[in-house]
Structure formats: C-alpha cells, structure tokens
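Trainee: Chain order of the listed sequences is A and B.
If you read the first sequence in this note's numbering, its first letter stands for residue 163, the second for the next number, and so on.
If you read the second sequence in this note's numbering, its first letter stands for residue 2, the second for the next number, and so on.
First, the structure itself, so that you have it in front of you.
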Amino acid sequence: MNHAQAATQFIKDEARTDWHDKALWFVRYKRDIQTKKVPEWEQLRELASQIKANVLSELDSYLIQFEENALKNGVHVHWAKDAHEHNDIILNILKAKGVRKMVKSKSMLTEECHLNPYLIQNGIDVIDTDLGERIIQLRDETPSHIVLPAIHLKKEDVGETFYKYLGSEKGASDPKYLTEVARGHLREQFLTADAALTGVNFAVAETGGFVVCTNEGNADLGAHLAPIHIASMGMEKLIPRQSDLGVFLRLLARNATGQPITTYSSHFLKPNNGQEMHIVIVDNGRSEQLGREDFRKSLYCIRCGACMNTCPVYRRSGGHSYSYTVPGPIGSILSPGIDLKKHSSMPFASTLCGSCTDVCPVKIDIHHQLYKWRQIIAKEGDFPLSKKIMMKVMGFMLSHPKFYRFAGKMARTALPIMPRFMLYNNLNAWGKEREIPQAPKQSFREWYLKNRE
Amino acid sequence: MKVGLFVPCYIDQFYPQIAVATLQLLEKHGCEVGFPLNQSCCGQPMANSGCESDSKATAKLFVENFKEFDYIVGAAPSCVGFVQEHYDIIPQTEEVKHVREKIYDITEFLLDILKIEKIDAKFPYKVGLHQSCHAQRGMRMAQSSEINGPAFSKQRQILEMVEGLQFIELDRTDECCGFGGTFCVSEDAVSAKMGKDRVADHERNGAEVITGGDVSCLMHLEGVIRRQNKNIKMVHLVEILNNTSPTP
Ligand code: SF4
C-alpha cells in the first residue's frame with residue numbers, strides 16, 4: 163500500500179481522524195507556548211544548526227575522538243556498518259554473558275534495525291519499558307511516532323490491550339489506573355533483566371559520555387539495575403563539547419512536547435563497579451546520506467518529532483500510513499535514501515507547505531528536500547507511468563500557448579467545467595468531496611482582446 | 002513604469018475577474034500595464050510533481066513573454082514564488098535573471114514598490130484571511146506561527162486599508178488548505194479532509210467571506226464550500242482591493 167491508499171483507509175473513520183489531528187495539534191500548541199517563552203529561541207536554532215553542520219563536516223575526527231575518550235572511560239565501543247551488524251554485535255554481547263532477558267528504553271534506532279524480532283528469534287526476551295513502546299509491543303505493532311509511539315491509540319484501546327495481556331480490569335480506561343498496571347508489570351521486568359539497552363540522544367566527543375533524555379526514568383532504572391548496559395547510537399548523534407548540551411537540551415524537550423526540559427536527562431560516562439557498558443555506533447546508510455549534498459542536512463535531526471506534530475498530512479493520516487520506521491516529514495526525506503523504490507510515495511505525502519522546515523529546531527530544509535527527492539523519484543523511483551505521461555502532456559501544452567488556449571476553450575464552452583488537464587486529468591479524485599470549478603464563458607485573454615486591444 | 006501582467010492559468014481559465022481586478026488596480030495606481038498575449042503558466046505543476054524537466058519549455062516561454070517589462074506582477078504568490086525560486090532549471094541568462102528579480106506578487110508590489118499607504122476600497126464584511134503557505138513560508142510575506150518573532154502579514158496590512166472590512170481570527174492561523182498541486186488528486190482523501198477542516202475553522206469563527214492571494218487554494222476551498230452548501234463566499238484579495246461599491 164502506498165501512502166495515499168493507507169491514508170484513505172485511515173480517514174474513513176473521520177471522527178478518529180479528527181481526534182488524532184487534535185491530539186497532535188495540542189502538542190504543537192504546547193510547543194509554541196514553551197518556545198515563545200525563550201526570547202533567544204531563533205538564535206538557539208541557528209546555533210544548533212551550525213553545531214550540527216560542524217559535526218558532519220568533521221564527523222570522522224569527532225567519532226575517533228569520542229571512541230578514544232569512551233575507551234579511556236572503560237566503555238566497550240563497537241562499530242556497525244548496517245542493521246544486521248548492529249543486531250549481531252548486540253546478540254554476541256548478550257550471548258557471551260548468557261543473558262536471557264533484556265529491558266530496552268528509548269531507542270528508535272533499534273526499531274530502524276528491527277532488533278527485537280532478531281533477538282527474540284535467537285531466544286532472548288526483549289521488553290520495551292517505556293509505556294508507549296510497551297503498549298505497542300504487546301499489540302505487536304510498530305511505533306506510529308518517534309516520540310509518542312502509541313499516539314494512534316486511545317485510552318480505551320490501551321485498557322483493552324492491558325486487559326488482554328496483563329490481566330487488568332475489563333473496560334478500564336482511567337489513565338492513572340492503567341499506568342499503575344503497567345508500572346507493576348514493568349517493575350518485575352526490571353528486577354529480572356540481566357541486560358539493559360538504551361538509545362542515545364547526544365554523544366559528547368570531548369568526554370566520551372552520552373545523554374539519554376526520558377520522561378519516565380526507565381533508561382536509568384534499566385541501566386543501573388542490570389549488569390550490562392548497551393547503548394545504541396546513530397553515528398550522527400555526536401556533539402563536540404559538553405557545553406553544547408546547553409543548546410540542545412533547551413531545544414529538544416520544548417520542541418518535542420512543550421516541556422521546558424525532559425524529566426530525566428541522564429548522563430552516562432563510565433560503567434558502575436562490576437558493570438559492563440557498551441556503545442554500538444551505527445552507520446546503516448548514514449554515510450551514504452552524508453555523501454548526498456542535497457540531503458546531508460537530514461542528518462542534523464535530533465528526533466524531536468515536531469515535524470510530525472505540525473504536519474497537516476501526518477496528523478490526518480497517522481504514522482502507520484508511511485512505509486518507513488520513521489514517519490512524517492523527516493521520515494520522508496530519510497527513507498528514499500534507504501530504499502528509493504519502496505519508499506517512493508513518501509516524499510509525495512506532502513503539500514510542501516513548509517511548516518516542518520519552520521518548526522525544526524536544527525533548521526533542516528525539510529520541504530525543499532522533499533521537492534528534490536520528488537525529482538529523483540520521477541526519474542528513478544516507483545513513479546506511475548500515467549503521471550509521467552500526464553506531466554509530459556502538461557509540459558507540452560503549457561509551453562505551446564495555442565494548445566493551452568484551445569484545450570481551455572473546448573472544455574469551458576463544451577462542458578462547461580474545468581479543462582481536465584488543469585486537475586491533472588483526475589476529475590474523479592477531485593470530485594469526491596469537492597465541486598469542480600464552474601467555468602466562465604470567456605477566459606481573461608478573451609476578455610482582454612475584446613475590451614482592451 | 003512598464004508592468005507586465007502575469008495571469009496564471011487558473012485565473013485565466015476560471016477566474017478571469019481576478020485578472021481584470023489586478024489590471025484595474027495596477028492602472029489605478031499609475032502603472033502602464035501590458036498583457037503578453039502568448040502566456041500560459043509558470044510551469045510549477047510539473048515541477049512540484051517531480052518532473053522539473055517538463056517545466057523548462059514553459060519557463061523559457063515565460064521569460065520570452067516578460068523580458069521587456071520593468072516589473073512583472075501577478076496575483077498569485079505561489080506562481081510568482083516558483084519563478085523566483087525555481088527558474089534555476091533553465092540557463093541563467095541576463096533575461097532570466099531580470100525576470101526572476103523583477104517579478105512580484107501584487108500585494109508586495111503595491112506595498113513595497115509602489116509604497117501605497119491608502120486604498121480606495123470598501124468591503125463591509127467579516128473576512129477570514131487564508132494565507133497560502135507559499136506566500137507565508139515561501140515568500141515570507143507573513144510571519145509563520147512556528148517562528149518566534151514579531152507578527153506581521155503584508156496581505157493583512159493591505160486589507161486593513163479597506164473601509165468596513167472586519168477580520169475574523171482563526172483557531173489555526175496558518176494551517177495549509179491541502180491543495181498542494183498534484184497532491185489534490187494523488188492524495189485526494191487527505192487533501193479534501195484538510196480543505197474541509199480549513200473551511201470549518203473559518204465558519205466556526207464567523208467568516209462571511211474567505212479571501213487570500215492564491216487562487217489555487219481558493220479554488221480548492223470553494224470546491225469544498227459548494228459541495229457542502231455553506232453560506233461563505235470566496236473572494237480573491239485583489240477583488241476586495243478593487244472593490245469601490247459597497248457590495249462585492
Ligand atoms: S527533522 Fe527536525 S523537527 Fe523533525 S524530528 Fe528531526 S529535529 Fe525534529
């Protein structure tokens with residue numbers, strides 16, 4: 163299913179679509195309130211953008227610096243060129259220590275690499291511990307948002323899920339009760355896990371340390387209780403200095419959820435006594451993206467999710483309508499680089515309104531990149547032939563004024579409706595919920611010739 | 002000052018009265034206006050669909066039509082913006098550069114070039130302003146709600162000169178209407194839903210008239226309004242600015 167088809171399915175339930183749209187718009191609204199309280203907001207964005215530009219321009223040396231410092235701190239550092247290597251490295255670490263159960267928190271990267279099914283196949287129990295993640299794990303779904311993975315679900319849906327899998331009361335939908343149920347269930351998982359995996363929000367080159375931002379504190383709980391802590395990080399997560407955190411931490415939570423800061427900003431530097439700490443640095447297509455000049459900036463992303471919350475298309479089509487793990491505007495500029503044919507419909511799931519670009523805390527020119535991917539997809543991707551031909555016809559017609567005028571006049575006087583080509587030859591799609599413009603008897607040009615020439 | 006009147010294809014074919022209003026408005030403010038008879042479109046539809054190369058011939062034709070004028074003015078930020086931003090698809094001759102530099106949307110032309118401070122127009126209605134994304138986030142004719150900075154809107158500024166006009170405020174000041182070029186048919190479900198939601202916002206807040214600068218957005222919203230039989234009128238901004246009688 164391409165995005166348009168999946169979106170059509172989603173919208174069929176219009177009341178639910180409205181609910182989804184409003185829930186996410188509310189997050190955007192809270193974000194606006196918080197960001198407008200910071201007078202230097204736009205300077206912060208600019209600074210963050212420049213820091214990321216610097217990081218990417220010297221990524222190799224920052225990575226080496228980070229590795230050196232991490233090693234000095236007694237951390238094991240691993241390099242994974244793709245998802246498969248990432249999964250393998252983690253499996254090997256776990257196997258060597260005889261781990262049976264691992265708790266996980268805050269990692270979109272492991273979703274990107276499909277780590278869970280891989281480990282489960284290999285006999286290791288993986289428990290997502292963040293509430294949203296756990297809910298969708300129980301339901302065997304994928305996250306529909308990178309910050310709010312279960313935003314597509316209503317509290318009644320959660321109640322039903324917990325009733326089915328955790329034995330809570332039937333029909334319960336009180337968020338407080340449901341949170342208590344989840345807490346009880348997860349506590350047991352924390353206590354019995356022999357390894358913990360977390361993501362990485364920021365890795366600091368000059369210290370070799372890293373920061374994980376959470377609201378539930380599960381990253382800390384997992385990492386401190388289990389004898390092994392593995393941190394998976396995309397190689398673009400680096401920042402040069404500890405002091406740069408002052409820029410990024412101020413931007414992240416405000417832009418993500420409208421909080422001044424996440425409840426926990428956990429700084430990890432070295433393993434506790436008797437513990438092991440591993441960092442897996444993952445490429446998985448990132449260096450290729452780095453090599454694409456037009457799309458390099460997509461690697462600035464700090465995964466705040468604001469471009470999803472603001473996107474009028476995402477809000478009305480839901481995260482699952484996108485073919486890639488990361489949905490929405492940022493997903494739509496990352497995914498074609500991973501698999502052009504598979505994700506060909508994503509860059510077209512946009513009106514190019516530009517709201518994503520303006521909301522982005524690191525100033526990624528998202529909608530310009532969408533436009534550029536479209537040019538590539540029309541040439542090399544999965545692009546309907548009918549559309550290709552249509553565009554050729556339009557291109558011909560609009561560059562040959564006589565044909566353009568003839569087609570316009572024919573349609574206006576004969577039907578009288580809009581010439582088909584002006585609605586991209588698809589009056590049916592237009593007409594489902596909208597009237598077709600009524601055509602006047604004469605075009606402006608005809609009026610002009612009569613009245614002015 | 003010789004001004005070339007650019008009439009985008011949608012206006013030419015469906016809303017000729019918008020072009021008439023633009024022409025009269027420019028003349029009222031002392032411009033000598035020419036209308037190149039061989040024009041068609043700016044070429045944006047193909048380019049936004051990923052087929053930039055199919056826009057090249059249209060872009061060249063556009064430059065050919067307008068190269069002689071001191072300024073080129075159209076009542077369509079989206080099309081004007083396309084010429085400014087994307088005519089790098091054809092070789093940058095002096096003529097191409099001239100056209101890209103001297104093309105203006107009517108609102109900016111009146112405010113920034115002609116520097117008008119008052120306008121002789123009446124429009125005693127409650128009006129909702131739909132700022133198109135291309136005007137707002139593309140050409141920066143208004144502050145977008147995502148950005149932390151002083152609020153401004155050139156379209157609003159010029160409409161404020163109109164006697165009797167009363168603005169209604171929207172819940173979502175600058176959400177996209179959902180037209181989006183080929184998006185309107187390739188993603189018709191989302192496109193129509195966005196259109197409905199936009200109309201509902203105007204209706205909820207008491208708009209009698211929806212206005213804006215981009216006819217493609219207005220056409221899309223009008224399609225929704227007519228299908229839903231709503232009692233809201235769609236009037237292009239230049240029609241308001243050119244309206245001297247007490248009724249439109
Ligand atoms: S692209 Fe920008 S707005 Fe979107 S998730 Fe990344 S940082 Fe946030």
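Here a beta-carbon is modelled for each residue, glycine too, at the ideal position from N, C-alpha and C.
Predicted, not measured: the structure shown is a model, and the values here were computed from it.
So within the stretch 366-437 of chain A, which uninterrupted alpha helix (DSSP H) runs reach at least 4 residues, ignoring any that extend past its ends?
Mentor: 380-387 and 407-419
Trainee: Tell me, please, whether the CB atom of Asp544/A is closer than 8 Å to any CB atom in chain B?
Mentor: no
Trainee: Quick one: does Pro523/A have its CB under 8 Å from some CB of chain B?
Mentor: no
Trainee: Is Ala185/A close to chain B, meaning its C-beta is less than 8 Å from at least one C-beta of that chain?
Mentor: no
Trainee: Under a CB-based cut-off of 8 Å, is Ala418/A close to chain B?
Mentor: no
Trainee: My parser needs the beta strand (DSSP E) runs of 3 or more residues fully inside the stretch 270-358 of chain A; what are they?
Mentor: 287-290
Trainee: Curious, which full-length alpha helix (DSSP H) runs of at least 4 residues does the stretch 20-97 of chain B contain?
Mentor: Counting whole runs of 4 or more residues, the stretch 20-97 of chain B contains the alpha helix (DSSP H) stretches 45-49, 57-67 and 78-87.
Trainee: Please name the residue in Ala242/A, Gly370/A and Ser428/A whose C-alpha comes closest to that of Arg403/A.
Mentor: Gly370/A
Trainee: Can you list, in chain order, the residues of the stretch 432-445 of chain A whose Cβ is nearer than 8 Å to any Cβ on chain B?
Mentor: Hits within the stretch: zero.
Trainee: Cα separation between Cys1/B and Leu411/A?
Mentor: Since the first residue shown for chain B is 2 and the last is 249, residue 1/B is missing from the structure and cannot be characterised.
Trainee: Can you tell me whether Pro578/A is helix, strand or coil according to DSSP?
Mentor: Because Pro578/A sits at a pLDDT of 49, beneath the cut-off of 50, its placement in the model cannot be relied upon, and the following sentence gives the value as read from the coordinates. Coil.
Trainee: For Phe364/A, which of helix, strand or coil comes out of DSSP?
Mentor: strand
Trainee: Taking Cβ positions only, does Arg205/B come closer than 8 Å to chain A?
Mentor: no
Trainee: Among the residues of its own chain, which have a CB less than 6 Å from the CB of Val74/B, if the five just before and after it don't count?
Mentor: Val4, Tyr105, Ile107 and Phe110
Trainee: CB Ile308/A to CB Leu359/A, shorter than 8 Å?
Mentor: Against a cut-off of 8 Å, the Cβ pair of Leu359/A and Ile308/A comes out as no contact.
Trainee: Taking the C-alpha atoms as reference points, what is the distance between Gln205/A and Val524/A?
Mentor: 11 Å
Trainee: Taking 7 Å as the cut-off, is the C-beta of Pro491/A nearer than that to any heavy atom in the ligand SF4?
Mentor: yes
Trainee: Can Ile528/A be considered in contact with the ligand SF4, in the sense that its beta carbon sits closer than 7 Å to one or more heavy atoms?
Mentor: yes
Trainee: Let's see if you can read the secondary structure: which residues bound the alpha helix (DSSP H) around Phe184/B?
Mentor: Phe184 to Ser187
Trainee: Is the stretch 274-291 of chain A touching the stretch 244-254 of chain A in the sense that three or more CB pairs, one from each, lie closer than 8 Å?
Mentor: They touch, by the three-pair rule.
Trainee: Taking only heavy atoms of the ligand SF4 into account, decide whether any of them is closer than 7 Å to the Cβ of Ile464/A.
Mentor: At least one heavy atom of the ligand SF4 is nearer than 7 Å to the Cβ of Ile464/A, so yes.
Trainee: In angstroms with no decimal places, state the Cα-to-Cα distance between Pro578/A and Arg101/B.
Mentor: Confidence in Pro578/A is poor, its pLDDT being 49 and thus under 50, which makes the residue's placement too unreliable to answer from.
Trainee: By how many angstroms is the C-alpha of Ser394/A removed from the C-alpha of Leu328/A?
Mentor: 29 Å
Trainee: For the putative contact between Glu147/B and Thr513/A, defined by C-beta atoms under 8 Å, what is the C-beta separation to the nearest angstrom?
Mentor: Between Glu147/B and Thr513/A a beta carbon distance of about 15 Å is seen, past the 8 Å cut, so the two are scored as non-contacting.
Trainee: Per DSSP, which one or two residues make a beta bridge with Phe168/B?
Mentor: Val128/B
Trainee: Can you find the residues in the same chain that come closer than 6 Å, C-beta to C-beta, to Phe83/B, ignoring five residues on each side of it along the sequence?
Mentor: For Phe83/B, where only same-chain residues beyond five positions count, the Cβ hits under 6 Å are Cys43 and Gln45.
Trainee: With a threshold of 8 Å between beta-carbons, can Pro578/A be considered close to chain B, or not?
Mentor: Low confidence applies here, because Pro578/A scores a pLDDT of 49, under 50, leaving its location unreliable and the question unanswered by this model.
Trainee: Does the distance from the C-beta atom of Ile159/B to that of Leu130/B stay below 8 Å?
Mentor: no
Trainee: Using 7 Å as the cut-off, classify the Cβ of Gly420/A as near or not near the heavy atoms of the ligand MN, replying yes or no.
Mentor: Absence of the ligand MN from the depicted structure is noted, with the ligand SF4 being the only ligands included.
Trainee: Can you determine whether any heavy atom of the ligand SF4 sits closer than 7 Å to the C-beta of Ala357/A, and answer yes or no?
Mentor: no
Trainee: Less than 8 Å between the C-beta atoms of Cys185/B and His135/B, yes or no?
Mentor: no
Trainee: Scan the stretch 589-603 of chain A for residues whose Cβ lies nearer than 9 Å to a Cβ of chain B and list them as they occur along the chain.
Mentor: Leu589, Asn590, Ala591, Trp592, Gly593, Lys594, Glu595, Arg596, Glu597, Ile598, Pro599, Gln600, Ala601 and Pro602
Trainee: Below 8 Å between beta carbons: does that hold for Arg296/A and Ala344/A?
Mentor: yes
Trainee: What I want to know is whether the C-beta of Gly467/A ends up closer than 7 Å to one or more non-hydrogen atoms of the ligand SF4.
Mentor: yes
Trainee: Could you have a look at His482/A and say whether DSSP puts it in helix, strand or coil?
Mentor: helix
Trainee: Are the beta-carbon atoms of Glu378/A and Asp292/A separated by less than 8 Å?
Mentor: yes
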